[in-house]
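**Student:** Dumping the structure here so I can ask a few things about it.
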Amino acid sequence: MSSHQDNNHPAKITKAVFPVGGLGTRFLPATKSMPKELMPIIDKPLIQYAVEEALAVGIETLIFVTSASKHAIFDHFDPMPSLKMRFEQQGRMDLVEKVNILSPDIKTVYIPQGEPLGLGHAVLQAQSLIGVNEMFTVLLADDFIEAPQNPLLALIECARVTGQTTLSVEQVPAERISSYGIVSPKQWHQGTAEIDAIVEKPHKDEAPSDFGVIGRYVLPARIFEVLKATPADGKGEIQLTDAIKTLLQQEGVHAVQLDGQRFDCGHHEGFVMANLHVAMKDPQLRTKISNYLNDQG
Ligand code: G1P
């Protein structure tokens, strides 16, 4: 792995950015008034899974890049003391635990994106909260991940050693290549590789490989200046992938293969599968679902 000299062994990564300003058009009408990030896998919203993943690796500041119609995300993470007290008075400690999502020492920041001008534009809104030599993580709540080990751990380790951009990737089927950022890994070494190309949503015949970027990134603050200079694409959006491509001309970028299962909950299929996957882990639900499916033939 090559390292960025000035930023080798950066300080601990303590900030996570959650771009939640998207419109969620694929899930209309459900997302007409409800943020897509609050869609639940059984009983827990996608955004909470992503937040818990970040908290588990020591993230202390949660930065939500949001839009006007997403107040419900703020409400979801609000401590709501009156609700808590009510459950406490009823002796329902199980419910207290369920609504007690963030410990008081976790800082939450909500930044309006203004207009939904793409993932790169969303990430750029967090600039004022990130130090110039700091690295931070970005999590896309759409990507629901089930893995034996928290997927951020391997990303953060690689970023800590190299001081450079690190992306989570997995092999994707040919028909899904045009839905993701696709990288070209050089030499894999224990699931990690430097990449020599990245392209946003290529046609499958033009893709440099079948390794697709999953919504987990560790980025250096240097990305902000690059994002500012990144032109909008054909849809008028500033793509994070395009900024990473520019950064790649100046320094190393690394891919870490996901050791686990990712469900792309930005699509109906992935969302239903994620719900089924979690439901099937509950012995009672498993039996009922299996019986139901058997009855369907
Ligand atoms: C975004 C990124 C894409 C990445 C994907 C992961 O696309 O632009 O590079 O592969 O997230 O989920 P979106 O899902 O917002 O279309």
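The sequence shown begins at 0 in numbering that gives the first Met the number 0 and counts up one residue at a time. We put the beta carbon where it would ideally sit given N, CA and C, even for glycine.
(1) What are the partner residues of valine 255, as DSSP defines its beta bridges?
(2) Which full runs of the alpha helix (DSSP H) of 4+ residues lie inside the stretch 64-147, going along the chain?
(3) For leucine 61, write down the residues that DSSP places opposite it in a beta bridge.
(4) Rounding to the nearest angstrom, what Cα-Cα distance links arginine 85 and isoleucine 105 in this structure?
(5) Please report the straight-line C-alpha distance between valine 217 and proline 80, rounded to a whole angstrom.
(6) How close, in whole Å, do the beta carbons of valine 56 and asparagine 149 come, if the pair is a contact with beta carbons under 8 Å?
(7) Could you give the DSSP three-state label for valine 56: helix, strand or coil?
(8) How close, in whole Å, do the beta carbons of valine 122 and valine 16 come, if the pair is a contact with beta carbons under 8 Å?
(9) Since leucine 151 and glutamate 59 should fall inside the 8 Å C-beta cutoff, what is the C-beta to C-beta distance between them, to a whole number of angstroms?
(10) What residue does the alpha helix (DSSP H) around tyrosine 291 start on, and which one ends it?
(11) With DSSP as the reference, label serine 183 as helix, strand or coil.
(12) Look at the alpha carbon of aspartate 241 and the alpha carbon of glycine 180, and state the distance between them as a whole number of angstroms.
(13) For proline 150, does the three-state DSSP call read helix, strand or coil?
(14) Can you say whether phenylalanine 73 is buried or exposed, counting buried as having 16 or more other CB atoms within 10 angstroms of its CB?
(15) On the three-state DSSP scale, how would you describe glycine 214?
(16) Just the C-alpha distance for valine 108 and threonine 65, rounded to the nearest angstrom, thanks.
(17) If you reduce the DSSP assignment to three classes, tell me which class arginine 25 lands in.
(18) Buried or exposed: which applies to valine 271, given that a residue is buried once 16 or more other Cβ atoms fall within 10 Å of its Cβ?
(19) Taking the DSSP output, what are the residues bridged to aspartate 263?
(20) Name, in chain order, the residues that DSSP records as bridge partners for alanine 196.
(21) Could you check if glycine 180 belongs to the surroundings of ligand 1, using beta carbon to heavy atom distance under 6 Å?
(22) So the candidates are Ala10, Thr13, Leu37, Asp232; which of them puts its Cα closest to the Cα of phenylalanine 76?
(23) Could you give the residue range of the alpha helix (DSSP H) that holds glutamate 224?
(24) Do isoleucine 110 and isoleucine 89 come within 7 Å of each other at the CB atom, strictly closer than that value?
(25) Is the closest heavy atom of ligand 1 to the C-beta of leucine 152 under 6 Å?
(26) Does the Cβ of arginine 221 have 16 or more other Cβ atoms within 10 Å, making it buried, or fewer, making it exposed?
(27) Considering only their Cβ atoms, is the gap separating isoleucine 41 from threonine 116 smaller than 7 Å?
(28) Does valine 108 come within less than 7 Å of chain D when only Cβ atoms are used?
(29) Is threonine 240 near ligand 1, judged by its Cβ being under 6 Å from some heavy atom?
(30) Can you tell which of Ala49, Val19, Val137 has the C-alpha that lies nearest to the C-alpha of glycine 113?
(31) Name the one or two DSSP bridge partners that isoleucine 40 has.
(32) Please go through the same chain and pick out, in chain order, the residues whose beta-carbon is closer than 7 Å to the beta-carbon of threonine 245, but skip the five residues on each side of it.
**Tutor:** With the structure as the only source:
(1) Here residue 255 corresponds to residue number 256 of the sequence shown, with the count starting at 1. BP columns for valine 255 point to Ser167, Thr191.
(2) 70-76, 80-88, 92-98, 118-123
(3) Here residue 61 corresponds to residue number 62 of the sequence shown, with the count starting at 1. Ala15, Thr107, per the DSSP bridge assignment.
(4) As a first step, residue 85 must be located in the sequence shown, where it is residue number 86. As a first step, residue 105 must be located in the sequence shown, where it is residue number 106. Near 23 Å, if we compare the C-alpha coordinates of isoleucine 105 and arginine 85.
(5) Along the sequence shown, one-based indexing puts residue 217 at 218. Along the sequence shown, one-based indexing puts residue 80 at 81. If I take the Cα positions, the gap works out to 34 Å.
(6) Residue numbering aside, residue 56 sits at position 57 when the sequence shown is read from its first letter. Residue numbering aside, residue 149 sits at position 150 when the sequence shown is read from its first letter. The beta-carbon separation of valine 56 and asparagine 149, rounded to 6 Å, stays under the 8 Å limit for a contact.
(7) Here residue 56 refers to the residue found at position 57 of the sequence shown. Note: valine 56 maps to coil in three-state DSSP.
(8) Position 123 of the sequence shown, counted from the first residue, corresponds to residue 122. Position 17 of the sequence shown, counted from the first residue, corresponds to residue 16. Confirmed, about 6 Å.
(9) Within the sequence shown, numbered from 1, the residue matching residue 151 stands at position 152. Within the sequence shown, numbered from 1, the residue matching residue 59 stands at position 60. That belief does not hold up - the Cβ atoms of leucine 151 and glutamate 59 are roughly 14 Å apart, past 8 Å.
(10) Stepping through the sequence shown from its first residue, residue 291 is reached at position 292. Here the alpha helix (DSSP H) through tyrosine 291 covers 282-295.
(11) Against the sequence shown, residue 183 aligns to sequence position 184. In the structure shown, serine 183 adopts extended strand secondary structure according to DSSP, grouped into three states.
(12) The sequence position of residue 241 within the sequence shown is 242, counting from 1. The sequence position of residue 180 within the sequence shown is 181, counting from 1. C-alpha separation (whole angstroms): 9 Å.
(13) Here residue 150 corresponds to residue number 151 of the sequence shown, with the count starting at 1. Helix.
(14) Position 74 of the sequence shown, counted from the start, is the residue given in the question as residue 73. Burial call: exposed.
(15) Your numbering for residue 214 matches position 215 in the sequence shown. Three-state DSSP puts glycine 214 in a strand.
(16) The residue you call residue 108 lines up with position 109 of the sequence shown. The residue you call residue 65 lines up with position 66 of the sequence shown. Whole-angstrom Cα-Cα distance: 10 Å.
(17) Within the sequence shown, residue 25 is the residue found at index 26, counting from 1. Of the three classes helix, strand and coil, the one that applies to arginine 25 here is helix, per DSSP.
(18) The residue you call residue 271 lines up with position 272 of the sequence shown. Burial call: exposed.
(19) In the sequence shown, the residue the question calls residue 263 occupies position 264. Note: aspartate 263 sits in a beta bridge opposite Asp142.
(20) Walking along the sequence shown from the start, residue 196 turns up at place 197. The partner list for alanine 196 (beta bridge, DSSP) reads Ser183.
(21) Numbered from 1 along the sequence shown, position 181 holds the residue referred to as residue 180. Taken from the Cβ of glycine 180, at least one heavy atom of ligand 1 lies inside 6 Å.
(22) One-based indexing of the sequence shown puts residue 76 at position 77. Looking at the Cα atoms, Leu37 is the closest of the given residues.
(23) For the purposes of this step, residue 224 is taken as residue 225 along the sequence shown, with counting starting at 1. Where glutamate 224 is concerned, the enclosing alpha helix (DSSP H) stretches over 222-227.
(24) Taking the first residue of the sequence shown as position 1, residue 89 is located at position 90. Taking the first residue of the sequence shown as position 1, residue 110 is located at position 111. What sits at residue 89 in the sequence shown is glutamine, not isoleucine. Going by C-beta atoms, glutamine 89 is not nearer than 7 Å to isoleucine 110.
(25) In the sequence shown, counting from the first residue as 1, residue 152 sits at position 153. It does not: the Cβ of leucine 152 is nowhere closer than 6 Å to a heavy atom of ligand 1.
(26) Numbered from 1 along the sequence shown, position 222 holds the residue referred to as residue 221. Result: buried.
(27) Stepping through the sequence shown from its first residue, residue 116 is reached at position 117. Stepping through the sequence shown from its first residue, residue 41 is reached at position 42. Reading off the sequence shown, one finds leucine at residue 116, where the question assumed threonine. Taking 7 Å as the Cβ cut-off, leucine 116 and isoleucine 41 do not qualify as a contacting pair.
(28) In the structure shown, chain D does not exist; there is a single protein chain.
(29) Translated into the one-based positions of the sequence shown, residue 240 becomes position 241. True, at least one ligand heavy atom lies under 6 Å from that Cβ.
(30) Position 114 of the sequence shown, counting from 1, holds the residue named residue 113. If you compare the alpha carbons of Ala49, Val19, Val137 with that of glycine 113, the shortest gap goes to Val19.
(31) The residue labelled residue 40 in the question sits at position 41 within the sequence shown. Looking at the DSSP assignment, isoleucine 40 forms a beta bridge with Lys43.
(32) Sequence index remark: in the sequence shown, residue 245 carries index 246 (1-based). So the qualifying residues of the chain are Val225, Thr229.
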